[in-house]
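In the working numbering, the protein residues as written are 32 to 245.
Yeah, the Cβ is synthetic: ideal placement off N, Cα and C, and Gly gets one too.
Since the model is a prediction, treat every value here as computed from it, not as a measurement.
Heads up: the structure comes next, in structure tokens.
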């Protein structure tokens with residue numbers, strides 16, 4: 032069945048960047064994979080560190096995607112280097128369960144890791160973000176960090192915390208993060224739709240009349 036362009040934020044594999052080739056203002060990225068490459072086809076959507084990209088070529092142990100200028104501006108893909116490890120997730124199909132939350136792969140902004148604290152079992156990551164996105168955060172709400180669906184444990188105007196369990200730590204690139212590293216952030220889609228709805232100044236009737244009279 033054809034894949035649809037949404038993800039769950041449950042990482043399937045840690046891939047490796049094999050090559051990055053500039054193409055005008057875009058980049059063609061070659062990614063080495065063992066798991067997600069199975070049944071992967073040209074034109075499929077795939078999440079690379081939380082960014083939805085289209086597969087343009089597939090060979091035995093790697094595939095290629097292209098990141099256009101707008102994608103590079105908004106995400107950390109512009110900083111990718113050869114041999115760097117990245118989170119990978121194939122797009123959701125209608126037969127799959129949603130293990131995390133609905134993720135589009137459309138990055139809102141970039142965050143920075145400020146602190147990593149070890150607990151008895153897991154780890155707490157403190158990540159700073161631009162304050163204008165505070166409106167999308169709610170207690171124990173969802174957020175996607177480099178393609179990983181996570182739950183907020185605390186937040187304020189300039190930073191938030193997420194708790195990482197051992198399984199997530201071992202199966203994503205969270206285990207490679209250091210203070211100062213940049214990460215892709217995608218805020219909850221439902222919150223953005225609600226904001227759009229409540230901030231409308233015109234009623235339905237006013238909009239209809241304006242449209243009919245335009």
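Q | Limits of the unbroken alpha helix (DSSP H) element including residue 69 | A | Boundaries cannot be given for residue 69, as no alpha helix (DSSP H) includes it and DSSP labels it neither H nor E.
Q. So does residue 89 have its beta carbon nearer than 7 angstroms to some heavy atom of the ligand ATP?
A. The ligand ATP is absent from the structure shown, which contains no ligands of any kind.
Q | C-alpha gap between residue 168 and residue 186, whole angstroms | A | When rounded, the distance between both Cα atoms is 8 angstroms.
Q: Determine the contact status of residue 96 and residue 137, defining contact as a CB-CB distance below 8 angstroms.
A: no
(Q) For a quick check, are the C-beta atoms of residue 195 and residue 143 less than 8 angstroms apart? (A) no
Q: Could you give the DSSP three-state label for residue 163: helix, strand or coil?
A: Taken through DSSP and simplified to helix, strand or coil, residue 163 comes out as helix.
Q | Contact between the segment 108-119 and the segment 34-51 (3+ Cβ pairs under 8 angstroms) | A | Contact between the segment 108-119 and the segment 34-51 is present: three or more C-beta pairs spanning the two stretches fall below 8 angstroms.
Q | Three-state class that DSSP yields for residue 202 in the structure shown | A | helix
(Q) Taking the beta strand (DSSP E) that residue 102 belongs to, which residues open and close that run? (A) Taken as a continuous stretch (DSSP letters only), residue 102 belongs to no beta strand (DSSP E), being part of the alpha helix (DSSP H) at 100-105.
**Q.** 6 angstroms Cβ shell around residue 33 - same chain, five flanking residues per side excluded
**A.** Residue confidence for residue 33 is low, a pLDDT of 44 falling below 50, so the modelled location carries little weight and cannot support an answer.
Q) Counting Cβ pairs closer than 8 angstroms, one from the segment 108-115 and one from the segment 171-189, do we hit at least three? A) no
Q) Thinking just about the alpha-carbon of each residue, which of 214, 171, 202 and 149 is nearest to the one in residue 159? A) 214
Q. Under the DSSP definition of a beta bridge, which residues are partnered with residue 180?
A. 175
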